[in-house]
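Colleague: Structure provided below as structure tokens; questions to follow.
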Amino acid sequence: MKLISTYRMFNIVTAIAVTMFFSCNNNLSQVNKIGVSENEPIAEAVDLNFKYIDSGRVKSILISPQMLDYSNRSYPYKEFPKGLDLEVFNEDNKRSNIIADYAIIYDLTNLIDLQGNVKLITADKDTLFAEQLYYDNTKGWLFTNKPVKFRTGLDLIHGNGFDSNSKFTNAEVLEVSGIVTLDE
31 MKLISTYRMF NIVTAIAVTM FFSCNNNLSQ VNKIGVSENE PIAEAVDLNF
81 KYIDSGRVKS ILISPQMLDY SNRSYPYKEF PKGLDLEVFN EDNKRSNIIA
131 DYAIIYDLTN LIDLQGNVKL ITADKDTLFA EQLYYDNTKG WLFTNKPVKF
181 RTGLDLIHGN GFDSNSKFTN AEVLEVSGIV TLDE
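As structure tokens, this is what we get:
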């Protein structure tokens, strides 16, 4: 009787062990996702004041009340839901400034989407006003197909669309709807 009881116990333990063995898998990505909802950011920064320095020289300063990092997604991005203020310094240490109510940076395409009261002031004091502006960081190219106002010198140019390189040496307002020359 004791031998039969021991034999049954052995079979039960073996069955449980085999079941546990086959139910386990080695999926590290699933383990890493534990506790992180796919709809939630993996990180959040508050009162961001980020200085990018290269070769001992400040290249840019990014200020934002909030940044959400969604690098845990299959198409990773960083979101600035409360806007940003970005200062960029050229080789002569002259400053350009970009302000927007909202921004999103797509990591894989290196594309920046600025939205809401976008204002770009170049080192030469040319100013672009737009509701949306894209910047392709790989190509160094600014563009939009939305209405813009571009002040260069004494001219204020209204149009639907804008194209330029990042140095504004070939800035062009597309579909010009009006040009106003301002008094000094």
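Going by this note's numbering, the letters in the sequence shown line up with residues 31 to 214, in that order.
We put the beta carbon where it would ideally sit given N, CA and C, even for glycine.
1) Using the beta-carbon count (16 or more within 10 Å), is Ile142 buried or exposed?
2) Indicate whether Ala73 and Ser101 have their beta-carbon atoms separated by less than 9 Å.
3) CA-CA distance, Glu205 and Asp185?
4) Is Asn127 helix, strand or coil by DSSP?
5) According to DSSP, simplified to helix, strand and coil, what is Ala153?
6) Cα-Cα, which of Ile134, Ser126, Ile83 is closest to Phe198?
7) Express the C-alpha separation of Arg181 and Ala284 in angstroms, rounding to a whole number.
Modeller: Here's the rundown:
1) Numbered from its first residue, the sequence shown carries residue 142 at position 112. Burial call: buried.
2) In the sequence shown, the residue the question calls residue 73 occupies position 43. In the sequence shown, the residue the question calls residue 101 occupies position 71. Yes, the Cβ-Cβ distance between Ala73 and Ser101 is below 9 Å.
3) Residue mapping note: residue 205 aligns to position 175 of the sequence shown, counting from 1. Residue mapping note: residue 185 aligns to position 155 of the sequence shown, counting from 1. Rounded to the nearest angstrom, the two C-alpha atoms are 16 Å apart.
4) Here residue 127 refers to the residue found at position 97 of the sequence shown. Asn127: strand per DSSP, three-state reduction.
5) Locating residue 153 in the sequence shown gives position 123, where the first residue counts as 1. Residue state, collapsed to three classes: coil.
6) Counting from one through the sequence shown, the residue named residue 198 turns up at place 168. With distances taken between Cα atoms, Phe198 lies closest to Ser126.
7) Examination of residue 284 is not possible in this model, given that the chain is present from 31 through 214 alone.
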